[in-house]
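Heads up: take any position in the sequence shown, counting from 1, add 50, and you land on this note's numbering.
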Amino acid sequence: MERRAFLGTLSTPVLAACAVCMGACSKNSSGGGGSAGGSANFTIDLTSSLLTVGSSLVQSGVIVVRIAAGNVVSSFTAVQVNCTHEGTSINYNASQGIFICPNHGSTFTTTGAVTLGPATTNLKKYDININGTVMTVVG
Ligand code: FES
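Listed below in structure tokens is the structure:
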């Protein structure tokens, strides 16, 4: 079947879906341009979330991790979840105590500093405040 004839057999919704998909798939295809951390201001209930050391959650573009026991500021860290290389969501590796990007392997300390590329820019670090069992993440 000729290409033109094949395209003629497709319905308009299918073609529209292909156009949307192609646009989404081309994002970041040239490399570089990881997204910077945006602003955030949200609360977390520490009676029901982040109960165990190494646990994490993602909210408003921020990954929040419990790195030690106790409900004090030093027991947590909060950094942008999007890798500064190409924007892939990073993960916290509890056994190594670092953030690792699953896309190309960049690593970051718990304060967001790059320790292994290809990323060259640190993650944005967010401020944490704790009042009783309510954590506020701002930045
Ligand atoms: S997107 Fe390339 S290392 Fe994270």
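For every residue, glycine included, the Cβ atom is placed at its ideal position computed from N, Cα and C.
Residues near residue i by beta carbon distance below 6 Å, same chain, minus five either side
i	result
residue 186	93, 179
residue 79	Here the model assigns residue 79 a pLDDT of 33, short of 50, so the residue's position is not dependable, and the following value carries that caveat. Around residue 79: no qualifying Cβ.
residue 142	106, 115, 149
residue 160	117, 127
residue 144	104
residue 163	172
residue 100	116
residue 110	90, 92
Close-in-space but distant-in-sequence residues of the same chain around residue i (CB under 7 Å, 5 per side omitted)
i	result
residue 71	Confidence is the limiting factor: at residue 71 the pLDDT is only 32, short of 50, which leaves the residue's position unreliable, though a coordinate-based value still follows. Nothing meets the Cβ criterion.
residue 52	Confidence is the limiting factor: at residue 52 the pLDDT is only 47, short of 50, which leaves the residue's position unreliable and the question unanswerable from this model.
residue 133	84, 140, 151, 153, 156, 169
residue 176	90, 112, 128, 129, 187, 188, 189
residue 167	156
residue 67	At residue 67, the pLDDT of 36 sits below 50, so the modelled position is not reliable; the number obtained from the coordinates is stated separately. Within the same chain, residue 67 has no close Cβ partners at all.
Pair within 8 Å by beta-carbon distance, residue i and residue j
i	j	result
residue 131	residue 115	no
residue 97	residue 165	no
residue 173	residue 120	no
Bridge-paired residues (DSSP) for residue i
i	result
residue 157	150, 166
residue 94	185
residue 129	113, 175
Other residues of its chain near residue i: CB distance less than 8 Å, five sequence neighbours each side excluded
i	result
residue 123	178, 179, 180
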